[in-house]
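Data block below; observations after.
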Amino acid sequence: MAARKLRARTRRQIQRGVAALAVLLFLVAIVVVAVLDHRVTKQFEGRRWTLPARVYAQPIELYVGQALSAKRAAEEIERLGYLAQARADRPGTYWRRGDRIGVFLRAFRFSDEMQAARALDIRFEGGSIVSLHDARGADVPVIRLDPLLIGSIFPIHGEDRIVVSPAQVPPLLPEALKAVEDRKFETHHGVNPLAILRALFVNVRAGQVEQGGSTLTQQLVKSYFLDSRRTLGRKAEEAVMAVILESRFGKADIMNAYINEIYLGQDGQRAIHGFGLASQFYFGKPLAELDLPEIALMVAIVRGPSYYDPRRHPDRALARRNLVLRVLAERSVVSEADAERAASRPLGVAKAGQKSAVFFPAFLDLVRRQLRTDYEEEDLTEAGLVVFSTLDPLLQEKAEDALESELDRQDASGRKVAHGLEGVMVVTTPQTGEVVAIVGGRHASFDGFNRALDAKRPIGSLAKPLVYLSALETGRYTPATIVHDQPVTIKLPNGQTWKPANYDREIRGDMPAVRALTQSLNLPTVNLGLEVGLPRVARTFVQLGLAEEPAAYPSMLLGATNLSPYEVAQMYNTLANGGFRSALRAVRTVMAESGKQLKAPQLEVAEAAPADAVYVLDRMLVEVMERGTGRPARRTLPPGLVVAGKTGTSNDYRDSWFAGFSGAHLIVVWMGHDDNSQTGLTGTTGALVAWSRLMSSITTSSFEPLMPESLENRWIDYYSGLETSPSCDGAAVNLPFRVGTVLPANEACPPGIEDPVAVDPAAALPGDAAATAQPAP
Amino acid sequence: MSRPLAAVLFIALAASGCALNPFHTGQPASSSGHGGAHTQPGSAPVLGSPPVIGPPAPGEEPVIAATPTPLPRDRPRAPAATLGLASKALVAQAETQRKKGDLPGATATLERALRIEPNNPLLWIEVGRLRMDQRNYAQAEGMGRKALSMSVGDDRTQAQAWQLIADSFRARGKNTQAQEAADRSRSLSPQ
Numbered sequence: 001m002a003a004r005k006l007r008a009r010t011r012r013q014i015q016r017g018v019a020a021l022a023v024l025l026f027l028v029a030i031v032v033v034a035v036l037d038h039r040v041t042k043q044f045e046g047r048r049w050t051l052p053a054r055v056y057a058q059p060i061e062l063y064v065g066q067a068l069s070a071k072r073a074a075e076e077i078e079r080l081g082y083l084a085q086a087r088a089d090r091p092g093t094y095w096r097r098g099d100r101i102g103v104f105l106r107a108f109r110f111s112d113e114m115q116a117a118r119a120l121d122i123r124f125e126g127g128s129i130v131s132l133h134d135a136r137g138a139d140v141p142v143i144r145l146d147p148l149l150i151g152s153i154f155p156i157h158g159e160d161r162i163v164v165s166p167a168q169v170p171p172l173l174p175e176a177l178k179a180v181e182d183r184k185f186e187t188h189h190g191v192n193p194l195a196i197l198r199a200l201f202v203n204v205r206a207g208q209v210e211q212g213g214s215t216l217t218q219q220l221v222k223s224y225f226l227d228s229r230r231t232l233g234r235k236a237e238e239a240v241m242a243v244i245l246e247s248r249f250g251k252a253d254i255m256n257a258y259i260n261e262i263y264l265g266q267d268g269q270r271a272i273h274g275f276g277l278a279s280q281f282y283f284g285k286p287l288a289e290l291d292l293p294e295i296a297l298m299v300a301i302v303r304g305p306s307y308y309d310p311r312r313h314p315d316r317a318l319a320r321r322n323l324v325l326r327v328l329a330e331r332s333v334v335s336e337a338d339a340e341r342a343a344s345r346p347l348g349v350a351k352a353g354q355k356s357a358v359f360f361p362a363f364l365d366l367v368r369r370q371l372r373t374d375y376e377e378e379d380l381t382e383a384g385l386v387v388f389s390t391l392d393p394l395l396q397e398k399a400e401d402a403l404e405s406e407l408d409r410q411d412a413s414g415r416k417v418a419h420g421l422e423g424v425m426v427v428t429t430p431q432t433g434e435v436v437a438i439v440g441g442r443h444a445s446f447d448g449f450n451r452a453l454d455a456k457r458p459i460g461s462l463a464k465p466l467v468y469l470s471a472l473e474t475g476r477y478t479p480a481t482i483v484h485d486q487p488v489t490i491k492l493p494n495g496q497t498w499k500p501a502n503y504d505r506e507i508r509g510d511m512p513a514v515r516a517l518t519q520s521l522n523l524p525t526v527n528l529g530l531e532v533g534l535p536r537v538a539r540t541f542v543q544l545g546l547a548e549e550p551a552a553y554p555s556m557l558l559g560a561t562n563l564s565p566y567e568v569a570q571m572y573n574t575l576a577n578g579g580f581r582s583a584l585r586a587v588r589t590v591m592a593e594s595g596k597q598l599k600a601p602q603l604e605v606a607e608a609a610p611a612d613a614v615y616v617l618d619r620m621l622v623e624v625m626e627r628g629t630g631r632p633a634r635r636t637l638p639p640g641l642v643v644a645g646k647t648g649t650s651n652d653y654r655d656s657w658f659a660g661f662s663g664a665h666l667i668v669v670w671m672g673h674d675d676n677s678q679t680g681l682t683g684t685t686g687a688l689v690a691w692s693r694l695m696s697s698i699t700t701s702s703f704e705p706l707m708p709e710s711l712e713n714r715w716i717d718y719y720s721g722l723e724t725s726p727s728c729d730g731a732a733v734n735l736p737f738r739v740g741t742v743l744p745a746n747e748a749c750p751p752g753i754e755d756p757v758a759v760d761p762a763a764a765l766p767g768d769a770a771a772t773a774q775p776a777p
Numbered sequence: 778m779s780r781p782l783a784a785v786l787f788i789a790l791a792a793s794g795c796a797l798n799p800f801h802t803g804q805p806a807s808s809s810g811h812g813g814a815h816t817q818p819g820s821a822p823v824l825g826s827p828p829v830i831g832p833p834a835p836g837e838e839p840v841i842a843a844t845p846t847p848l849p850r851d852r853p854r855a856p857a858a859t860l861g862l863a864s865k866a867l868v869a870q871a872e873t874q875r876k877k878g879d880l881p882g883a884t885a886t887l888e889r890a891l892r893i894e895p896n897n898p899l900l901w902i903e904v905g906r907l908r909m910d911q912r913n914y915a916q917a918e919g920m921g922r923k924a925l926s927m928s929v930g931d932d933r934t935q936a937q938a939w940q941l942i943a944d945s946f947r948a949r950g951k952n953t954q955a956q957e958a959a960d961r962s963r964s965l966s967p968q
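Residue numbers (the numbering used here), protein chains in the order written: chain C, 1 to 777; chain W, 778 to 968.
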């Protein structure tokens, strides 16, 4: 009796315990669901993907008179992922017939205007545009191609994406996703138990489309909220969250989130998320323009972005794509005929060179650094900014080629010291101070140390023009001023003595300044610099755009100062720009996601040095190219193209520099070893070769600035500096002088009465055989 | 008083280059207008700023190229600069944006033109005018000086550039330099 009572009590206690436990579990479950609900709802409603800033190259402007051949225009259009068709009947298509191109431009939102989609008819003749019409035959004065997307500023190991709205998604994509990944998407409540069972069964049987069993909603939840660990607990959590998501949001919202969220590939440290970016990444064009085989490939990749990587495993990707096509036909999403035709098409994945992204690491690094003055790192990696940069993709490509082929040539030279050299190229457009290309090393796509910005090396003779400019600025010197090629010994403050020598250890005595600079002689430059004063020369560095004055040691006159190629480009840009300093820019404008234009560095122009002094110096730098250390470039350069520049070689041939400009481009080249060992190269035998290779492969113009009115051209003897007649011998050189400058005459061949007016300094040159100097450091 | 004033206004407007400068046509209230009012010949110097040219007052930045040198008139004169078709369209578009108060947009549009014709001084003057609107007077001067260097021998364009420089000085209260620049502009203006 008592025992029965006891049993009954025990049972009641157990029942109560179970009930209590059930209540407790229920409460816990409620709390868990509530917490998950809060998390899901809050994050999903905010729908704030972290959007890395997108960086675009400069757009190509089309206008009558532009120097652009039909061939190159077609290449540029192709690079933007436009599809060649018989007729350009929708945005993103074009045709070319000989010297005529029809293109249907995509709509594009620039920072200054929304450019609508528009059909254009372009005619070319003799390598430039001769007419530009719209579809109705109306003249179009000027219009931009949409710019090339060159990359994003994403956090290390970060996600990158381009968010698309439902209107930008081809209708076939969601249909295909449903057919292949989640047939019951429209009706299920987040999970599909049947699918899970079938997945188990099918996976065992294999052969068919391998079913994952996860609904699109579950996949979204997993990618959006959870890490990738696969445990039973995670699975349950994922299922609960999927149900919550479905109960709170509509199918259309969930599909749109899926399309923007899902992981679709890896690009180095950059994770490619969402179909918007994946379309650019794999096909180099907007999602809206994908056709059936391309969409099928994207759907194929969803299942395993690394396993089905169409670049690394094209066979697998192709098989899977065709499987997807078959499923689409089976489920009547597309017709059998369309699916078959699509299955016969190649993968069509953009070549590596076209796939934008990490191919401009040195340039993108500069963009990031320049933006960091106005923006926080999070603004750049999360706020969805759109950055319009100054990069010229074609020029960048040519710069990479020019540098690489020169480095290869050095490798093949058989000289041990020249093997495995590294190099840098910085290209600017001097008038606007825009950085149009940066090559940061032999492997332009290697995202490592940014030599262009951070490798500081002695600039050697690149410093000499600054010494001569400092002298010219005083108003007491001219190109004909006699300088002294005489030994000099300087006692340094630390008790040591400094005894510089010329590159060939020769002493030539007195000579005009122009010859000393042209032949890059050390002793006359040191003597001149000491005469002018070290502080004054140090100031010139800053005038031209260096942030800080270099230490004013005498060795500064011969370029002992360590500078990066970018710093050199900033200083020489001022020389190429007639003495006007424009802070170099890699960014033109920045736009918020909303389309509003935001803060960005502006185009600036400041008169940094007297225009007449810079003009005289620049004309002497033209002589460097005509008869001095830059002369070998003439073998490559187009005849008649006037350029100016200066070689630089550091001690023991460790660094080979060349900085020089045409009327439209400044190119700075550095070559050397990362460990600072000897290269055996001078500026002439290394950097100049790469420089002239690039300068002769681009569309540029002669360096022919207008001569200031305070100056006039005179003929002087290159060896004596005496005023002479151009007809005497091969040594007369035409240079600018202040009006009224008194020049002693060359009695052997006095200046004639009828001086020919030399407009083009290059064309005015006499025979150069006698005057050509040996290449020197 | 009214007749000389009218004459001065005419000269000032000519100096601002109405014919060449669609950007400022029909905008007598633009900065070039008051520049003219201060440079009235024969009127009393404004607030004691002497019309003579001297070294810059202490505290003022040194003027690099403002020292007037007698212009060698026997030099070949260059034809007046003109805008290409593309630039013309862009300058007009920039003006529309400017009127709407969209100065960043106008700047971006003018810079497009500058990239097409970087050696056209008229475009640098246009950018300088925009910098005036943006109250970035030092940069307005920079643009004016750049335009000067690209218009050697082109009196008409040089007159416009000097007027821009004069306006930028005046906006910064540098009346002496403003006066001198305005004088140079007037001396170059086609009569």
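For glycine and all other residues, C-beta sits at the position ideal for the given N, C-alpha and C. The structure displayed is predicted, hence computed values, not measured ones.
Mind checking C/Y653: buried by the 16 CB within 10 Å criterion, or exposed? Working through the first sequence from its first residue, we reach residue 653 of chain C at position 653. So C/Y653 ends up on the buried side.
In the DSSP assignment, the alpha helix (DSSP H) including C/P314 goes from what residue to what residue? For the purposes of this step, residue 314 of chain C is taken as residue 314 along the first sequence, with counting starting at 1. Per DSSP, the unbroken alpha helix (DSSP H) holding C/P314 starts and ends at 314 to 330.
Where does the unbroken beta strand (DSSP E) through C/L132 begin, and where does it stop? Position 132 of the first sequence holds residue 132 of chain C. Counting along the chain, the beta strand (DSSP E) containing C/L132 begins and ends at 128 to 134.
Does chain C have any CB closer than 9 Å to the CB of W/A943? If you number the second sequence from 1, residue 943 of chain W lands on position 166. Taking CB atoms only, W/A943 has no neighbour in chain C less than 9 Å away.
Bridge partners of C/S786, per DSSP? Because chain C in this structure spans residues 1 to 777, residue 786 of chain C falls outside the shown range and cannot be described.
Rounding to the nearest angstrom, what Cα-Cα distance links W/Q870 and W/L862 in this structure? As a working note, residue 870 of chain W is residue 93 in the second sequence. As a working note, residue 862 of chain W is residue 85 in the second sequence. Cα to Cα, W/Q870 sits roughly 12 Å from W/L862.
Do you know offhand how far C/L523's Cα is from W/L941's? Reading the first sequence from its first residue, position 523 is the one you call residue 523 of chain C. Reading the second sequence from its first residue, position 164 is the one you call residue 941 of chain W. Approximately 45 Å between the Cα atoms of the pair.
Assess, as a yes-or-no matter, whether the region 866 to 885 of chain W is touched by the region 584 to 604 of chain C under the definition of 3 or more beta carbon pairs within less than 8 Å. Taking 8 Å as the limit for Cβ pairs, the verdict is that the region 866 to 885 of chain W does touch the region 584 to 604 of chain C.
When you compare the CB of W/D879 with every CB in chain C, is at least one pair closer than 9 Å? Translated into positions along the second sequence, residue 879 of chain W becomes position 102. At least one chain C Cβ lies under 9 Å of W/D879.
Looking at chain W, is there any beta carbon in it that lies within less than 9 Å of the beta carbon of C/P147? Locating residue 147 of chain C in the first sequence gives position 147, counting from the first residue. No Cβ of chain W is located within less than 9 Å of the beta carbon of C/P147.
Does the beta-carbon of C/F360 have 16 or more other beta-carbons within 10 angstroms, so that it is buried, or is it exposed? On the first sequence, position 360 is the one that residue 360 of chain C refers to. Classified as buried, C/F360 has 16 or more neighbouring CB atoms from the shown chains inside 10 Å of its CB.
Identify every run of the alpha helix (DSSP H) within the region 405 to 464 of chain C, keeping only runs that are complete inside it and at least 4 residues long; order them along the chain. The region 405 to 464 of chain C contains these whole alpha helix (DSSP H) runs: 451 to 454.
Please confirm whether C/E709 has its beta-carbon closer than 9 Å to some beta-carbon of chain W. Here the question's residue 709 of chain C lines up with position 709 in the first sequence. C/E709 counts as touching chain W.
Taking the Cβ atom as the reference point for each residue, do C/Y308 and C/A317 lie within a distance shorter than 9 Å? On the first sequence, residue 308 of chain C is found 308 positions in, with the first residue counted as 1. On the first sequence, residue 317 of chain C is found 317 positions in, with the first residue counted as 1. In this structure, C/Y308 lies near C/A317, with their beta-carbon atoms less than 9 Å apart.
What are the boundary residues of the beta strand (DSSP E) that includes C/N713? Here residue 713 of chain C refers to the residue found at position 713 of the first sequence. Per DSSP, C/N713 belongs to the beta strand (DSSP E) from 711 to 717.
Between the region 59 to 72 of chain C and the region 163 to 179 of chain C, can you find at least three pairs of beta-carbon atoms closer than 8 Å? A contact between stretches requires three or more CB pairs, one per stretch, nearer than 8 Å, and the region 163 to 179 of chain C fails this requirement with the region 59 to 72 of chain C.
Beta-carbon neighbours of C/Q597, restricted to chain W and to distances below 7 Å: Residue 597 of chain C sits at position 597 when you count from the first residue of the first sequence. Within 7 Å Cβ-Cβ: P881, G882.
The alpha helix (DSSP H) spanning W/M920 covers which residue range? Walking along the second sequence from the start, residue 920 of chain W turns up at place 143. Counting along the chain, W/M920 sits inside the alpha helix (DSSP H) bounded by residues 914 to 926.
Simplified DSSP assignment, three categories, for W/T884: As a first step, residue 884 of chain W is located in the second sequence; it is residue number 107 there, counting from the start. It is helical.
Opening and closing residue of the alpha helix (DSSP H) in which C/T540 lies: Within the first sequence, the letter at position 540 stands for residue 540 of chain C. C/T540 -> alpha helix (DSSP H) spans 534 to 543.
Return the chain-ordered list of same chain residues with a C-beta closer than 6 Å to the C-beta of W/R854, the five sequence neighbours on each side being excluded. The sequence position of residue 854 of chain W within the second sequence is 77, counting from 1. Around W/R854: G930.
Beta-bridge pairing of C/F44 - partner residues as DSSP gives them: Against the first sequence, residue 44 of chain C aligns to sequence position 44. Bridge partners of C/F44: none, in fact.
Sequence ranges, alpha helix (DSSP H) only - wholly within the region 585 to 663 of chain C, length at least 4: Runs of the alpha helix (DSSP H) inside the region 585 to 663 of chain C: 611 to 627.
Within 10 angstroms of the Cβ of C/F26, are there 16 or more other Cβ atoms? Answer buried if so, exposed if not. Taking the first sequence and counting its residues from 1, one reaches residue 26 of chain C at position 26. So C/F26 counts as exposed.
Do you know whose CA, among C/R234, C/V334, C/Y282, lies nearest C/R312's CA? The residue labelled residue 312 of chain C in the question sits at position 312 within the first sequence. C/R312 has its Cα closest to that of C/Y282, out of C/R234, C/V334, C/Y282.
Residue nearest to C/L51 in terms of C-alpha spacing, selected from C/D160, C/A119, C/D146: Residue numbering aside, residue 51 of chain C sits at position 51 when the first sequence is read from its first letter. When only C-alpha atoms are compared, the closest one is C/D160.
Taking W/R889 as the query, report the chain C residues whose CB atoms sit under 7 Å from its CB, ordered along the chain. Residue numbering aside, residue 889 of chain W sits at position 112 when the second sequence is read from its first letter. Within chain C, the residues near W/R889 are E61.
Alpha-carbon spacing of C/L120 relative to C/A278, whole angstroms: What you label residue 120 of chain C is simply residue 120 of the first sequence in a count that begins at 1. What you label residue 278 of chain C is simply residue 278 of the first sequence in a count that begins at 1. In this structure, the CA atom of C/L120 is about 28 Å from the CA atom of C/A278.
Return helix, strand or coil for C/R118, following the three-state DSSP convention. Taking the first residue of the first sequence as position 1, residue 118 of chain C is located at position 118. The answer is strand: DSSP assigns C/R118 an E or B state.
Looking at C-beta atoms only, is the number of pairs between the region 453 to 470 of chain C and the region 670 to 689 of chain C that lie closer than 8 Å three or more? Yes: at least three Cβ pairs fall under 8 Å.
At 9 Å on the CB atoms, spell out the chain C contacts of W/R892, in chain order. Indexing the second sequence from 1 puts residue 892 of chain W at position 115. Think of a sphere of 9 Å around the beta carbon of W/R892: the chain C residues whose beta carbon falls inside it are Q58, E61, T429, Q431, T432, E434, in chain order.
Compare the C-beta of C/E593 with all C-beta atoms of chain W and state if any pair is closer than 9 Å. Here residue 593 of chain C is taken as the residue at index 593 of the first sequence, counted from 1. Not an interface residue.
Minimum Cβ-Cβ distance from C/T373 to chain W less than 9 Å: On the first sequence, position 373 is the one that residue 373 of chain C refers to. False, the Cβ-Cβ gap to chain W never drops below 9 Å.
Distance check for C/I438 and C/E548, CA to CA, integer angstroms please. For the purposes of this step, residue 548 of chain C is taken as the residue at position 548 of the first sequence. For the purposes of this step, residue 438 of chain C is taken as the residue at position 438 of the first sequence. The alpha-carbon atoms of C/E548 and C/I438 are separated by roughly 23 Å.
Would DSSP call C/K184 helix, strand or coil? Taking the first sequence and counting its residues from 1, the one referred to as residue 184 of chain C is at position 184. Three-state result, C/K184: coil.
By the criterion of Cβ-Cβ separation under 9 Å, what are the contact partners of C/R588 in chain W? The count along the first sequence starts at 1 and reaches residue 588 of chain C at position 588. Ordered by position in chain W, the residues that pass the 9 Å Cβ test against C/R588 are A885, E888.
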